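Number of protein chains: 2
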Amino acid sequence: MAVNYKAPINDIIFAYDVLDSYNILNKIEKFKDFGLDTLEPIVEECAKFAEEVLAPINSIGDKNGAIFDEGIVKMPPGFKEAYEKFTKAGWSSISLPSDIGGGGLPYGLSAAILEILCTANMAFVLGPGLSIGAISGINFHANQGQKDMYLPDLVAGNWTGTMNLSEPQSGSDLSNISTKATKQDDGTYRITGTKIWIGSGEHDLSENIIHLVLAKVPGSPEGTKGISMFIVPKFVVNDDSSLGGHNKVNCISIEEKLGIHGSPTCVMEYDGSVGYLIGEENMGLNYMFTTINEARIRAGGHGLACTSGALQGASQYARDRVQGRPVGMTKEEAKDSSIIDHADVRRTLMTIKSYLDAMRYMNYDNHLMLDLEYFAEGELKDFGKERCGILTPITKAWISDLSVELTSMAIQVYGGMGYVEETGIAQYFRDARIAPIYAGTNGIQAEDLVFRKITLNDGKAVESLLKEMRTNISSMKEHENLEPLSEILERHVAEIEEATQYLLIELSKGNLAGVSASGTPYLKMFGQVLGGHYMGKAAVTATKNLLEDNAGFYNDKITLSKFYIEQLLPLASSYFSSVMLGKENLYSIDSNSF
Amino acid sequence: MAVNYKAPINDIIFAYDVLDSYNILNKIEKFKDFGLDTLEPIVEECAKFAEEVLAPINSIGDKNGAIFDEGIVKMPPGFKEAYEKFTKAGWSSISLPSDIGGGGLPYGLSAAILEILCTANMAFVLGPGLSIGAISGINFHANQGQKDMYLPDLVAGNWTGTMNLSEPQSGSDLSNISTKATKQDDGTYRITGTKIWIGSGEHDLSENIIHLVLAKVPGSPEGTKGISMFIVPKFVVNDDSSLGGHNKVNCISIEEKLGIHGSPTCVMEYDGSVGYLIGEENMGLNYMFTTINEARIRAGGHGLACTSGALQGASQYARDRVQGRPVGMTKEEAKDSSIIDHADVRRTLMTIKSYLDAMRYMNYDNHLMLDLEYFAEGELKDFGKERCGILTPITKAWISDLSVELTSMAIQVYGGMGYVEETGIAQYFRDARIAPIYAGTNGIQAEDLVFRKITLNDGKAVESLLKEMRTNISSMKEHENLEPLSEILERHVAEIEEATQYLLIELSKGNLAGVSASGTPYLKMFGQVLGGHYMGKAAVTATKNLLEDNAGFYNDKITLSKFYIEQLLPLASSYFSSVMLGKENLYSIDSNSF
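Structure below.
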């Protein structure tokens with residue numbers, strides 16, 4: 167009875183069209199020939215893999231969970247076999263650079279792959295996602311010897327990687343981590359401390375696990391400026407790449423969580439484990455940010471994926487379930503009807519699908535900008551970096567928050583059956599709930615947006631995005647059918663401009679506490695308007711494509727944009743007063759009176 | 167580490183003040199002396215019971231769940247002992263009429279009792295809640311012999327009761343239930359069929375279980391007009407009230423659910439079980455509505471309770487958890503700070519607490535109106551009935567939808583710990599998710615509102631409520647501090663008036679499909695504005711009380727009203743375009759394209 171996943175290939179390919187992806191990627195030397203003919207077969211192959219290998223073990227992973235037994239973590243039935251197929255087929259490394267053995271495909275493409283694989287089985291995909299983080303960390307910041315020693319097996323998936331940041335007293339704030347790294351005469355360090363929230367910190371999928379660990383070298387500066395990053399393998403790696411002894415890296419427990427049961431969240435104990443410094447001492451947090459930024463964009467992708475899966479479940483159920491006669495239909499008209507013909511169920515599905523499209527455009531665009539940031543040259547690289555900077559906190563927080571709401575709506579379509587675990591729909595809801603939390607809580611994303619991002623390049627980065635929104639509105643006005651929508655969008659763009667201006671002024675006045683308090687409503691407002699921007703672009707693209715064969719598909723896309731802009735976008739305005747009021751009233755009540 | 171529940175007695179007592187409860191109740195003959203001195207000791211006693219007996223087994227119930235084993239349902243550890251104390255103390259029957267052995271207290275008071283008990287342990291309270299439904303069904307519609315036979319033990323809690331409506335093919339739509347009731351020569355019936363979603367259909371808490379079962383007598387009219395209601399006891403009751411043989415009433419399985427694990431949701435099989443007709447044949451659905459209406463108001467109470475528990479957890483955690491320095495504070499200022507001093511955490515707690523107050527006023531008022539409907543005379547009775555009619559779908563749907571969102575916000579305050587089941591906060595989120603579904607899904611509440619409720623008494627019922635909102639706005643204007651708030655509220659009341667007028671016109675034109683499509687956004691908009699109305703009333707009450715001792719408390723209440731009206735109420739406007747657009751675009755996409 168679980169959801170029968172079919173990757174929405176047409177929607178995915180259309181997203182690349184909306185975002186003008188091929189032109190963007192072709193400006194990068196190594197992607198100059200990238201086109202639909204490169205994309206399509208990979209997406210199709212990925213869909214096949216996700217549907218056939220990962221989706222069937224999604225609810226098995228949820229039901230059985232990863233099992234902790236005296237230091238050993240046993241993954242759910244079927245996960246080991248699937249992992250072997252997964253790495254063999256190269257899905258773990260498809261977007262990693264080819265010079266380290268990866269597929270060398272753009273990040274822009276990995277957005278679709280992430281969506282598809284993760285919709286099929288989010289808990290499964292989280293582990294390999296963390297490996298990518300560790301690989302990036304090593305590839306960007308480690309020395310050649312370290313790269314040679316660790317990357318080949320990590321990229322091949324023979325080993326997996328993790329990120330070790332949090333400690334019990336140190337989660338969102340890393341300034342007071344207490345894990346210690348003591349330098350030895352041979353240049354290695356001994357790592358001692360406890361780390362928490364370590365995704366796939368221990369498991370039985372691979373021969374070795376390479377932990378990237380943040381720790382403090384005694385005598386280093388206080389706070390975040392004294393954090394260093396170390397490679398700490400579970401089994402020490404010999405010079406010939408064979409595995410040596412166990413490195414006193416122990417998983418002492420795993421968390422019992424609301425969701426993602428197939429992904430073990432470990433408490434790790436390092437007890438004088440041998441660690442190898444990456445780069446220089448005290449630069450750990452900077453290094454970590456490379457991988458954290460990617461993790462944030464991926465977290466948005468997780469929200470997108472849960473929503474996509476939930477929509478498939480809800481629409482399948484709504485087509486099958488017969489119950490009552492839709493209001494306004496005669497008995498005769500209603501004889502083949504199911505609950506999908508009830509207006510309220512329709513509204514629910516339209517809401518989920520419209521948002522899903524907006525999420526997809528936003529998340530994919532963010533990935534594309536990562537390609538520009540990493541692989542383009544000159545101004546284009548700068549542009550990519552700035553745009554990626556703006557988009558990342560919005561992608562992460564807006565999408566992940568919404569995904570909780572939309573998976574909840576999908577449960578509602580099932581009625582009572584939605585509350586029963588057997589149907590599988592509640593799993594999306596439980597799995598989705600992690601995305602607003604990890605890779606920096608959504609509150610932290612809001613702080614990042616208002617303090618670090620709207621001020622990028624003296625405010626010119628956000629200005630450029632707002633200008634692009636205006637340009638898009640002009641394009642919409644060239645099409646008669648989109649004129650009324652362009653006017654609605656225009657009003658909301660004006661409002662987000664006003665809010666942005668207000669925050670920049672308050673920042674210049676030094677009103678930090680006020681701006682901090684405006685963070686979340688501003689991010690939500692920005693996300694809602696940015697979603698409208700992408701839906702406007704989608705409507706323009708679909709309108710241009712209407713003359714092609716597939717008019718039904720493009721008309722649907724125009725309808726979804728219309729629905730978003732007319733019915734969902736107005737939510738943006740409801741945040742305006744909260745942005746402008748800042749911290750007013752927030753502190754009028756004593757902490758003890760809540 | 168679970169949430170340490172303390173009933174918010176001051177907030178609860180203030181709610182009765184805001185709603186002018188004593189004056190309202192005193193207009194009913196049997197409650198003419200009811201006052202704070204009656205209320206306060208009961209609320210305090212109830213709080214003590216909830217905190218000491220029910221709260222400690224809340225997470226035990228969640229973790230262990232009810233266990234099904236070959237027809238037997240074993241309740242979680244501690245539930246049986248707690249149930250004995252619960253019935254002995256009279257909490258199960260406190261609001262039931264005294265002539266049948268109940269406490270004879272107003273429904274208005276049971277609102278507080280429901281909130282307190284249910285916050286402490288929702289899964290536990292659901293069973294006795296269903297008994298109350300069965301008792302009401304029997305008390306209102308059964309004959310004296312049946313009342314004498316079943317009510318004393320039901321009211322005393324020696325037996326429990328259930329409601330059997332749904333069948334696999336028949337959930338929201340009861341017209342095609344297939345359970346059969348065949349009349350016997352002795353005047354009894356034989357009941358055969360399968361019923362699903364039967365809360366507490368089987369358990370080990372009481373000696374007997376009295377099921378109220380909807381079934382069809384062969385030859386009765388088609389659809390809902392051919393439904394009859396039967397008493398079907400698990401053990402047949404002899405004339406001397408002793409228990410006879412097992413009545414072939416079997417629980418064949420229980421559901422594995424997202425939440426409320428301590429409340430068994432049973433599939434019941436009736437296999438020629440002896441049933442006793444209540445009232446007349448074919449009147450079953452009418453009888454059921456008595457109990458369903460109360461169940462809807464209670465479902466709103468469940469949402470309120472989950473939110474209240476979640477706020478307590480989140481605010482406790484936020485006061486204890488130290489992490490980072492709040493933006494804008496110096497190191498010195500921040501030395502005793504915890505995350506509750508971070509603006510974004512504050513905003514979250516303010517949002518939850520403001521909504522919680524609005525929910526409480528709304529739910530309590532709905533209960534008070536039930537007292538007028540049942541126990542007042544003449545015009546006042548009519549008024550109670552109409553007002554109750556309008557409030558019930560809004561109370562049920564607006565509160566329960568919000569409770570999912572607000573318990574999710576509470577999880578967010580905990581960060582990673584919110585996703586770990588050990589902290590107990592996720593339980594509120596999972597438990598809350600049922601309330602939008604049961605007692606008629608929230609989509610059905612919206613249909614009820616737009617088709618049956620705004621048309622009550624030719625639209626005069628809703629007009630009277632809108633007029634009361636206007637009167638309240640005038641009261642606000644008498645207080646200088648509330649003048650700006652009154653203006654915001656006024657704009658939103660005007661908008662809901664416009665939306666209401668629009669729907670009434672469309673109904674008169676026969677645009678049923680369009681009105682149906684407007685249902686949910688209209689209900690959400692109405693709920694948001696009605697919440698603003700109550701918060702306005704609260705601000706007036708608090709302003710008047712400011713001269714009393716407890717100025718800090720009343721200032722907090724004014725702040726919460728201000729926060730609601732300035733920052734949460736604007737959400738209402740975002741639904742306006744959806745209401746006015748009705749079904750436009752909803753059917754432009756083919757069912758198979760979702």
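Protein chains in written order, with the numbering used here: chain A, 167 to 760; chain B, 167 to 760. For every residue, glycine included, the Cβ atom is placed at its ideal position computed from N, Cα and C. Keep in mind that this is a model prediction, so the values were computed, not measured.
Three-way DSSP call (helix, strand, coil) for residue i in this model
| i | result |
| --- | --- |
| Asn416/B | strand |
| Glu714/B | coil |
| Thr328/A | strand |
| Tyr436/B | strand |
| Pro650/A | helix |
| Glu211/B | helix |
| Pro263/A | coil |
| Leu615/B | helix |
| Glu218/A | helix |
| Tyr355/B | strand |
| Tyr442/B | strand |
| Ile178/A | helix |
| Ile343/A | coil |
| Leu271/B | coil |
Close Cβ partners of residue i (< 6 Å) along its chain, the five nearest in sequence each way excluded
| i | result |
| --- | --- |
| Gly693/B | Ile560, Trp564 |
Closer than 9 Å at the beta carbon, the chain B residues around residue i
| i | result |
| --- | --- |
| Ala704/A | Within 9 Å Cβ-Cβ: nothing; Ala704/A doesn't reach chain B, min ~14 Å. |
| Asp722/A | Ser754, Ile755, Asp756, Ser759 |
| Glu732/A | Ser743, Ser744, Leu747, Glu750, Asn751 |
| Pro736/A | Ser739, Ser740, Tyr741, Phe742, Ser743, Ser744 |
| Leu689/A | What Leu689/A touches in chain B: nothing, since even the nearest Cβ is about 10 Å away. |
Spatial neighbours of residue i in its chain, beta-carbon cut-off 7 Å, leaving aside the 5 residues before and after
| i | result |
| --- | --- |
| Ala708/A | Tyr720, Lys723, Ile724 |
| Ala497/B | A small fix is needed here, since residue 497/B is Lys in this sequence, not Ala. Here the set comprises Arg491. |
Contact set between residue i and chain A, taken where Cβ atoms lie within less than 8 Å
| i | result |
| --- | --- |
| Val570/B | Ser574 |
| Gly490/B | Ser338, Asp339, Ser341 |
| Glu672/B | Within 8 Å Cβ-Cβ: nothing; Glu672/B doesn't reach chain A, min ~11 Å. |
Residue of the options minimising C-alpha distance to residue i
| i | options | result |
| --- | --- | --- |
| Ala465/B | Ala381/B, Leu275/B, Ala598/B | Ala598/B |
| Cys284/B | Ser682/B, Lys633/B, Tyr741/B, Gly467/B | Gly467/B |
| Gly450/A | Asp537/A, Ser386/A, Ala683/A | Ser386/A |
| Glu435/A | Gly606/A, Leu712/A, Ile357/A, Ser366/A | Ile357/A |
| Asp235/A | Ile418/A, Asp352/A, Leu622/A, Leu262/A | Ile418/A |
| Pro222/A | Glu672/A, Asn170/A, Val493/A | Asn170/A |
| Met583/B | Asn623/B, Ala480/B, Val659/B | Ala480/B |
Spatial neighbours of residue i in its chain, beta-carbon cut-off 8 Å, leaving aside the 5 residues before and after
| i | result |
| --- | --- |
| Ser336/B | Asn342, Ile343, Ser344 |
| Lys728/A | Leu651, Ala705 |
Interface partners of residue i on chain A, CB under 7 Å
| i | result |
| --- | --- |
| Tyr585/B | Lys423, Leu424, Arg599, Ile600, Ile603 |
| Lys519/B | Phe760 |
| Ser481/B | Phe760 |
| Ala509/B | Ala679, Ser682, Ala683, Lys749, Leu752 |
Where residue i meets chain B, residues with beta-carbon distance less than 7 Å
| i | result |
| --- | --- |
| Arg513/A | Ala683, Thr686, Leu752 |
Cross-chain neighbours of residue i in chain B, by beta carbon under 8 Å
| i | result |
| --- | --- |
| Gln578/A | Pro602, Ile603, Thr607, Asn608, Gly609 |
Contact list for residue i against chain A, beta-carbon separation under 9 Å
| i | result |
| --- | --- |
| Thr725/B | Asn751, Ser754, Ile755 |
Could you list the residues in the stretch 380-407 of chain B with a C-beta less than 8 Å from some C-beta on chain A, going in chain order?
none
Relative to chain A, which residues along the stretch 297-314 of chain B have a C-beta separation below 9 Å, given in chain order?
none
Scan the stretch 592-616 of chain A for residues whose Cβ lies nearer than 8 Å to a Cβ of chain B and list them as they occur along the chain.
Ala592, Phe595, Arg596, Arg599, Ile600, Pro602, Ile603, Tyr604, Thr607, Asn608, Gly609, Ala612, Glu613
For the stretch 226-257 of chain A, list every residue whose C-beta sits within 8 Å of some C-beta in chain B, in sequence order.
none
Which residues, in order along the stretch 334-364 of chain A, keep a beta-carbon less than 7 Å from a beta-carbon of chain B?
Gly337, Ser338, Asp339, Trp363
For the stretch 365-377 of chain A, which residues have a beta carbon sitting closer than 9 Å to at least one beta carbon of chain B?
none
Could you please tell me which residues of the stretch 462-473 of chain A, in chain order, have their CB closer than 9 Å to any CB of chain B?
none
Of all the residues that make up the stretch 180-203 of chain B, which are near chain A by a beta-carbon distance shorter than 9 Å?
none
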